[in-house]
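So the structure is just underneath, and the comments pick up after that.
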Amino acid sequence: MTLSTQIMTDEQRKSVALEYLKAFDHGGVTSSGGSILDLFSVDAQVYFPKWGLADGHDEIGRMFADVGGTLKAIKHHYSELNWIFSGSDLVVVEGTSHGEHRDGPWRAGAPDWAAGRWCDVFEIRDWKIHRCFIYLDPDYAGQDTARYPWLAEEN
Numbered sequence: 021m022t023l024s025t026q027i028m029t030d031e032q033r034k035s036v037a038l039e040y041l042k043a044f045d046h047g048g049v050t051s052s053g054g055s056i057l058d059l060f061s062v063d064a065q066v067y068f069p070k071w072g073l074a075d076g077h078d079e080i081g082r083m084f085a086d087v088g089g090t091l092k093a094i095k096h097h098y099s100e101l102n103w104i105f106s107g108s109d110l111v112v113v114e115g116t117s118h119g120e121h122r123d124g125p126w127r128a129g130a131p132d133w134a135a136g137r138w139c140d141v142f143e144i145r146d147w148k149i150h151r152c153f154i155y156l157d158p159d160y161a162g163q164d165t166a167r168y169p170w171l172a173e174e175n
């Protein structure tokens, strides 16, 4: 963990988180043409369900390649984001998305139980993401229904 040297406002932290989401929508490329990894501190941690915890740029890059390699397209719904600020370095954003996974398309709310709703918890300081824990259903195409009796009955 590094020492914090720059005071950031909640709006500045929000701008970093938005840049991260937009980079995902553009294949890992930021608005300045850089890599999404440029948004992270060198010792950052990222958690993704069914992948686990990635430490540092190399592991985060591998995680993003693994997860991103299953996605043909993704679009976050920016106008519907809910932001929670802690008064510290923590920022929580809840939102929806749609896109296409290699197993098929998804859209939040279609159906209500399927993928597309997510929540990210960020720790952002010194204009870098130091921690990003991603909470969502990684079954984007909604194929894992047999293990859930209430879903199996619908199909």
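Residue numbers (the numbering used here): 21 to 175.
The beta-carbon is built from N, C-alpha and C at its ideal position, and this holds for glycine as well.
Quick caveat, the model's predicted, so the values are computed rather than measured.
Limits of the alpha helix (DSSP H) - the one that residue i falls within
i, result
"residue 144", "Note, residue 144: premise wrong, no alpha helix (DSSP H); beta strand (DSSP E) at 137-145."
Supposed contact pair residue j and residue i - C-beta distance, whole angstroms, cut 8 Å
i, j, result
"residue 67", "residue 56", "About 16 Å separates the two Cβ atoms, so there is no contact after all."
"residue 84", "residue 54", "About 14 Å separates the two Cβ atoms, so there is no contact after all."
"residue 64", "residue 151", "6 Å"
Terminal residues of the beta strand (DSSP E) in which residue i lies
i, result
"residue 111", "110-121"
"residue 126", "124-127"
Cβ-based burial, residue i [other Cβ within 10 Å; buried from 16]
i, result
"residue 46", "exposed"
"residue 126", "buried"
"residue 140", "buried"
"residue 98", "exposed"
"residue 52", "exposed"
"residue 136", "buried"
"residue 173", "exposed"
Residue i, DSSP secondary structure in three states
i, result
"residue 80", "helix"
"residue 27", "coil"
"residue 157", "coil"
"residue 70", "coil"
"residue 88", "helix"
"residue 99", "helix"
"residue 58", "helix"
"residue 3", "In the structure as shown, the chain begins at 21 and stops at 175. Residue 3 is therefore absent and cannot be evaluated."
"residue 176", "Because the chain is modelled from 21 through 175, residue 176 falls outside the range shown and cannot be assessed."
"residue 75", "strand"
"residue 172", "helix"
"residue 63", "strand"
"residue 166", "coil"
Are three or more beta carbon pairs between the segment 115-125 and the segment 71-86 nearer than 8 Å?
-> No, they do not touch.
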